[in-house]
Every structure is written in C-alpha cells, then in structure tokens.
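Residue numbers for the sequence shown follow my numbering, beginning at 267 and rising by one. We put the beta carbon where it would ideally sit given N, CA and C, even for glycine.
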Amino acid sequence: MPKRPSPIPSRPPETASPPPSPPDAPDEFRSDDAPADPGIVRAGAVPAPEEALAEPAAAQVAGEGAEAVPPSAPDAAPGASAAPVPRKTPRPRKRVVAAATGQAPPLPPDPSAAPGGEGASAPPARPAEAKPPAARKRPAARAVRAIPTGGTGIGAPSGAAPNGGADPSPVPADAPAETPPASPAASRRARVAVRRPVVVAPPAAAPEADPGDPLRILFVTPECAPWVKTGGLGDVSAALPDALAARGHEVRLLLPAFPVFDRIAGRARIAELPAGGVWPAASLDAATLPSGAVLWLLDAPEFFRRDGGPYLASDGADHPDNARRFAFLSHVAARLAQDDAPTGWLPDIVHCNDWTTGLVPLYLRQMAEERGRAAPAASVLTLHNLAFQGLFPMHLADSLGVAPHWRWVNGAEYWGQLSMLKAGLLLADSVTTVSPTYAREIQGEALGFGLHDVLRTRAAEGDLHGILNGIDTAAWDPARDRLLPHPYDRDDLHGKALTKATLQWQFGLADDPEALLFGVVSRLTGQKGIDLIVGALPWLVAQGHQLVVQGQGDAWLEQALREAAAAHPSQVAVRIGFDEATAHRIEAGADCFLMPSRYEPCGLNQMYSQRYGTLPLVHATGGLADSVVDAADAAHGTGFVIPEATPEALRTGLERVAAAWAEPQRWAALQRQGMERAFGWQESARDYARLYRDIVARPQRRARPG
Ligand code: ADP
Ligand code: GLC
C-alpha cells in the first residue's frame, strides 16, 4: 500500500499578470492582445491558412487530471515532503496544437492551428531595420544554392496572416529563391563532414511481419498528431499504431470525435451505441488516415463537441466534467471489446494510454463480471507521465458507473479519492512505460508520485515493462523535412549551417555562425528543468552564446525568458507558443538542444536532436538516459549527459558543450554518431507485439477481487 501522501506543496507567488493560469498549465489562453513588454520578442496568434483549417484546434490543452508534484520541482515549498503527492485538484497539463504552418500533403489539414489566443503563433517580430538573411551581402564564392523544398517548406505562402499580416513562415513568401549564403565560418564547420550533394533519403525498408496470426489492437487515446497533440502522447499515438500495422497487425485507434475531426476526409458512421446505465447514446464514425491507420471517432456531442482543448476549456480551466468525459471514452472502449459489440471487430488487446483511459481495465473486469465470463480482451496500460493521475472525488463513482466493489483499495480508490490511473495500473493485464529507466525510477519514492508501491507490485509480478518510444523517422528526417528551408544529411551539413543563419535572422539573434546556439522546444515547466536554464542565462550570455526557446507553460518561466530576451535581444530569443514548423527549424538550426528535465518518462526531442546533428544536453533520467550517449565516450557519444538536474551540474555540462564546440572535428564526430542512430519504431513495436502475444496467451486475465 502506498504511504499516506504528505501535504501538498504550495507554489511560490507567480509574477505573471492576470488572468492567472494554473501553476502547471501553459498559459495558452492568454490574450494575445495583452501589451507586449517593449523589446521582447513575442508571438502573435496566427490562424491557419483558410483552406487548411478546420475548427478551432480541437486539442489545445492537456489537462491531465490531478498532477503529482515531484519533490525537486521548483514549485515545491521549502521543506515540503520528499514524497511527490498527487495534487488535490485536477491540473491542466500542457497544451496542444500542431501548427499548420508549412504543412504539406499528405498530412491532413493542420488541425492544431487555432484562431484567437490558441494555436500556432507567428514568428517574433523582427526589428524594423533587420534584413532577411537572403538579402545579406556575402562573398559570392561562399554562396550556397538553396535546396528546393518542393514549395512546402519555408518561404511557401502560409495563408491568412492575422495581426497585421505577420507571416508564420520565417522567411517572407517573396524572399529570393537564393537563401542566405553560409558565412565562412559556417561553411568551415559544414565542411568538416564529407561533402556530397544532399539526396533525399529513400524510405526505410518495410519492417518484417511479426510471426503468428495478426493481432487486433484497439488503441485508445485522447491525442493523435497532427490532429490533436499536446505533447509526446500525440506523437506516439500517431506513430506506434502505424508501426504495429506495418508489422501485420490490425489496429483501430479510438479517439473522442473532437470538432477538429469534422474536416477529416472520408469519415463515415459505422455504429450506433445505445444509451445504457449512466451513459448517453453515442455514435462511432470511422476514417482512414493517410498512413492507412483506421481511426474510430467516438461522437458524443455532449462530451466532446465544445470549444477548448481535449482537457482544458477555453478559459484554461479543466473541463468540469472531465471525469465523465474520459470515463465515457474508457467505457466505450470496453464495450467495443465485448463479443456483442456493434462493430463486429473484436480486439485481442485494448491498449490504453495514461489516466484518461485508466478505467478501461476496470470496466473490462466489470463487464466480465456482469456477463459471468472472463474479459474477452486483454489490456495494456502505457504510462506516459505518472505525474498526471486523473484524481476525482469518490462521490463521482456513481456517475461513472464504477461498481461499489471497485471503489476500494483493490480498485480505483486512492486515499479516499477515485484515481483513474491507479485503477488502470492495478487492473491492466500489463503495464508499460516509455523507457526502461523510467520503469525503474517510478518504483522508488522520489519519482513514484505516491504510486510506487503499486508499481513495485506489478514489477514483481513481471508486469511492468519499459519500452523506449521511437520517433517518426519520416517526419523527423533532416534530408526529407519539408518544414526546413535547407535539408541536409550527415554527409553534408551545409543546410544545417544555412538553417542556423535563418533561425538567427528569424529570431533577431546576432548573425554569427560561430556563436554556440542552444535551442529549447518544450513545455515550460519544472519537470523540464526550464528554471535551471533560466538560472544559467547570465553565464550563457556572458560567454557570448545564444539561446532560442519555443514553448509555453508556467507563467513565471515565460516571464523570466521574456525578460532575458528583452535584456539580451541579440543573444536570447523566446517564442511563447506552439508551432510545429518552428520546432523543426529550431531542432535543425540549433547547435545544442537543452533538456535538463528533472524527470522524463521518455522525451522525444533529444532523439529528434540527434537525428538533426544537434547535440542534446540532457539529465540522466528516464528516456534521456536511455537514448543519449555522453561525449566522454568518444567513439559512441551523441550528446552531453549531466548526472543531476542542478544548477551546478547544468553549468558544468554547458562548459563541456562549449569546450567541444571549440573543437570542430570532435563536434562533427559527435554529430555524425548521433545522426547515425536509428530511433525508429520498429524495435519498440516488435516489443509491444511480443508483450501482447504473451498476455493474450495467458490462461487467466488479470482479476482482483473487489
Ligand atoms: P512531453 O510530452 O512531456 O511534453 P516529449 O518530449 O515527449 O515531451 O514530447 C513533446 C512533443 O511536443 C515533441 O514533439 C515536441 O517537439 C513538441 N512540442 C513541445 N512544445 C512545443 C512547442 N512549443 N511547439 C511545437 N512543438 C512542441
Ligand atoms: C509524456 C512524457 C514524455 C514522453 C511522452 C510520450 O508526455 O512527459 O517524456 O516522451 O509522454 O511517451
């Protein structure tokens, strides 16, 4: 049994101006009309191109139910207990929005760009006197021909431009075709790698099919990029089902029919779900994604047809009925696994993700009890972040249809409350998390967020597995990335140097190829160690380095970054917002990507960084520890790993980065080693498939008496 949680730490006062946002909530609904601090590089909201936009971004914000607080988080009060505890009230987590800017077919219309204060933001305004890099005078001999991007990348017209016509693409649509020539120094660095023309990489070879009969997998998730994305879960939900399908399995993705899906092509009704018990009638629509994956959309207007994101309402607060919204999604998932399901397609496995689907295993058990037979499908719950637990008052249990005998300690009860995540952890046939190291870490008090005992028990039963996420290697490939102005590959980094110059221009940083440019694309929260980066800024500036940040999150971190950008505009730039295209360009244009997360279940950006020749600096935790090899290993190093998430360790790490930067040959070797790493989904999908087979073959589904 978990020990009783200690008192909830309070947050230090925030400096942000009203409207206040919850401590861990990105301030995504902050009015963009708020007066900008003079001199601060900031973004305005940009609606997506008319033809590409559907509804307001369906999914902007990820409220994750109650969030637990890690002891070392900067918002923990001095003297707060070392044990992280779930917060009393459900917290919003982070926001969504994939940007529409620069998206090209075959991606669906960018659902994430949102009008008003949400969605993609425009690039920061440039000083009036600044010239785009294309117009800079460079020695002609050093000019580098722009690599064509097929018209979909930087420089492509991006449609409606609000707020005085700001163009969301970093280079004006009418910029000359010849993009900024690399400076001599940039060229020198680029030449460290062997030069050859950049060729578009062929698609990866088709994966081998898994042996045995195909499995039928119902993958239940509230997010799927690029339609609905608040962070890595959206990426994973888009890529893992595809990877499983590529191995021969049949996958159906079950998502709420958020308004953004009104624009999906070929959507058709496949089933009516009659009202029953505490639940209303609903419908199920199907659509096929460009990848071939089949999407099932749960159309329940009273729950999912509304403004705001998947978890947060337009005012930044949780949707007040989140418990019923996500319990309904979970209940329908369990109903679709019953042999009288109206779809006629019965899954072998229901794969659940995070607290929003945590009640699926409980409902499967309950339905099996009601029908007097074993649950027909096995369940897997993947934990993407233990800090978000879906904690609700127990008095809601009636309205969620949770049977009385599942309201106790062997069910959904967690210190008197109803915990959707705990129910799932306890009752799923198998629990996975997104890296082997995180699977170990969450069994300890420090990162167990009050659920470490449950997790330890599952691990002792052989039912807790760490499977490292992959990345979408087609979307995140510097040689094929349509969002980059200049593609490049590991044999020719010239396009990277050009992208850096463009990024410096876009963000108003000094045009200096020799300046060490750090990049961050992240939720701006304590989890991500953003406060540590803020603390390192005086040193970074004094050394002549540069930093570009895109993100949104805690108001005080946004403010601190804005102030730093205002004080040092040629060295520090921040863009508060969520924009996919700029995220790609920062990944490509930065020299070093900072991720000193206090904990990180997996993390995706450190993998993107390695593929983009951008050396990551990470804290040795979770998936960061599992995916970055420290530069001390000269033959295999791909980045810089700091042993602790502390100011001192970060400073030492930054100094090591700077020392390596001063040695171009060594830097290039580290880049190449990172760019050679695969990071695809094939191995992880194979591991999931093995796990599915293992639990499907078990004679007994997991059963716990209530
Ligand atoms: P988490 O899910 O904890 O936020 P991950 O590293 O797993 O962290 O995934 C975050 C994903 O969201 C990555 O694809 C990252 O590029 C993207 N992302 C985060 N913040 C932004 C932003 N402000 N703009 C664009 N993409 C972002
Ligand atoms: C969560 C984690 C992140 C992980 C992502 C996808 O958001 O914070 O580390 O990469 O889920 O699994």
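Checklist entry - Is the beta carbon of V786 less than 9 Å from the beta carbon of G817? => result If you check the CB distance, V786 and G817 come in under 9 Å.
Item to check | Within 9 Å, strictly: CB atoms of V598 and L520 | outcome: Yes; because the gap between Cβ atoms is below 9 Å, this pair is in contact.
Checklist entry - Opposite S788 in the DSSP bridges: which residues? => result Here S788 is bridged, per DSSP, to G817.
Checklist entry - T487 and T623 look like a contact to me (Cβ under 8 Å); what is the Cβ gap, rounded to whole Å? => result Your pair T487 and T623 checks out as a contact, with CB atoms roughly 7 Å apart and the cut at 8 Å.
Next on the checklist: Using a Cβ-Cβ cutoff of less than 8 Å, which residues in the same chain neighbour L783 once the five nearest sequence positions on both sides are dropped?
Outcome noted: Sequence-distant partners of L783 (beyond 5 residues in either direction) whose C-beta falls short of 8 Å from its own C-beta, in its chain, are K766, L769, Q770, L775, H811, Q812, L813, V814, G855, A856, D857 and C858.
Next on the checklist: How far does the alpha helix (DSSP H) with V962 in it extend, from its first residue to its last?
Outcome noted: In the DSSP assignment, V962 falls within the unbroken alpha helix (DSSP H) covering Q948 to V962.
Checklist entry - Nearest-angstrom Cα distance between D508 and D476? => result In a straight line, the C-alpha of D508 is about 14 Å away from that of D476.
Next on the checklist: How far does the beta strand (DSSP E) with L628 in it extend, from its first residue to its last?
Outcome noted: Segment V626 to R637 is the alpha helix (DSSP H) holding L628; no beta strand (DSSP E) there.
Item to check | Distance between beta carbons of L881 and Q937, contact taken as under 8 Å | outcome: About 7 Å separates the Cβ atoms of Q937 and L881, confirming a contact at the 8 Å cut-off.
Checklist entry - Which first and last residues belong to the alpha helix (DSSP H) in which W674 is found? => result That residue, W674, is in no alpha helix (DSSP H); it is neither H nor E in DSSP.
Next on the checklist: Counting C-beta neighbours from all protein chains within 10 Å, is the total for W822 16 or more, i.e. buried, or is it exposed?
Outcome noted: Counting Cβ neighbours within 10 Å, W822 comes out buried, since at least 16 surround it.
Next on the checklist: On the DSSP bridge list, what partners appear for Q683?
Outcome noted: DSSP lists P659 and Y680 as partners of Q683.
Checklist entry - Cβ of F654 within 8 Å of any heavy atom in the ligand MG? => result What this structure holds is the ligand ADP and the ligand GLC, not the ligand MG.
Item to check | Close-in-space but distant-in-sequence residues of the same chain around E853 (CB under 8 Å, 5 per side omitted) | outcome: Excluding positions up to five away in sequence, the list reads W742, G785, V787, F859, N871, Y874, S875, Y878 and T880.
Item to check | Helix, strand or coil at P744 [DSSP, three-state] | outcome: Here P744 sits in coil by DSSP.
Checklist entry - CB L602 to CB M686, shorter than 9 Å? => result Cβ distance not < 9 Å, so L602 and M686 don't count as in contact.
Checklist entry - Would you report the Cα separation of M660 and L499, rounded to the nearest angstrom? => result If you take the alpha carbons of M660 and L499, they lie about 27 Å apart.
Checklist entry - For V800, which three-state DSSP category applies? => result V800: helix per DSSP, three-state reduction.
Item to check | V675 classed as buried or exposed, judged by whether at least 16 other C-beta atoms fall within 10 angstroms | outcome: V675 comes out exposed.
Checklist entry - Quick one: Cα of R722 to Cα of R746, how far? => result Our two residues, R722 and R746, have alpha carbons roughly 43 Å apart in a direct line.
Checklist entry - If you run the structure through DSSP and keep just helix, strand and coil, what is H731? => result Strand at H731.
Checklist entry - Any chance the segment 546-558 sits against the segment 523-536, with 3 or more Cβ pairs inside 8 Å? => result Taking 8 Å as the limit for Cβ pairs, the verdict is that the segment 523-536 does touch the segment 546-558.
Next on the checklist: Please state the DSSP three-state secondary structure of G542.
Outcome noted: Residue state, collapsed to three classes: strand.
Checklist entry - If you follow the beta strand (DSSP E) that W562 is part of, which residue opens it and which one closes it? => result From DSSP, the beta strand (DSSP E) with W562 extends over V560 to D565.
Item to check | For R572 and A579, the rounded distance between their alpha carbons | outcome: Going by the C-alpha atoms only, they are around 8 Å apart.
Checklist entry - Using a Cβ-Cβ cut-off of 7 Å (strictly less than) and excluding sequence neighbours within five positions of S893, which residues of its own chain qualify? => result Same-chain partners within the cutoff: L734, Q872 and M873.
Next on the checklist: Below 8 Å, how does it come out for the segment 661-680 and the segment 689-698: are there three or more Cβ pairs, yes or no?
Outcome noted: Result yes; three or more Cβ-Cβ pairs closer than 8 Å.
Checklist entry - In angstroms, rounded to a whole number, what distance separates the CA positions of I908 and I961? => result I961 has its alpha-carbon roughly 38 Å from the corresponding atom of I908.
Checklist entry - Measuring CA to CA, which of L652, W562 and L595 is closest to C868? => result Just measuring C-alpha positions, the residue of L652, W562 and L595 sitting nearest C868 is L652.
Checklist entry - Using a Cβ-Cβ cut-off of 6 Å (strictly less than) and excluding sequence neighbours within five positions of V460, which residues of its own chain qualify? => result The pLDDT assigned to V460 is 34, lower than 50, so where the model puts this residue is not dependable, and the model offers no usable value.
Item to check | Cα-Cα separation, F592 to R673 | outcome: Rounded to whole angstroms, the separation of the alpha carbons of R673 and F592 is 17 Å.
Next on the checklist: Among the candidates I530, G532, P613 and H752, whose CA atom is the shortest distance from the CA of D479?
Outcome noted: Nearest in C-alpha terms to D479, of all of I530, G532, P613 and H752, is P613.
Checklist entry - Alpha carbon to alpha carbon, how far is L555 from R952? => result Rounded to the nearest angstrom, the two C-alpha atoms are 22 Å apart.
Next on the checklist: For chain D, check one thing: does any of its Cβ atoms lie closer than 9 Å to the Cβ of Q939?
Outcome noted: Absent from the structure is chain D; it holds one protein chain and no more.
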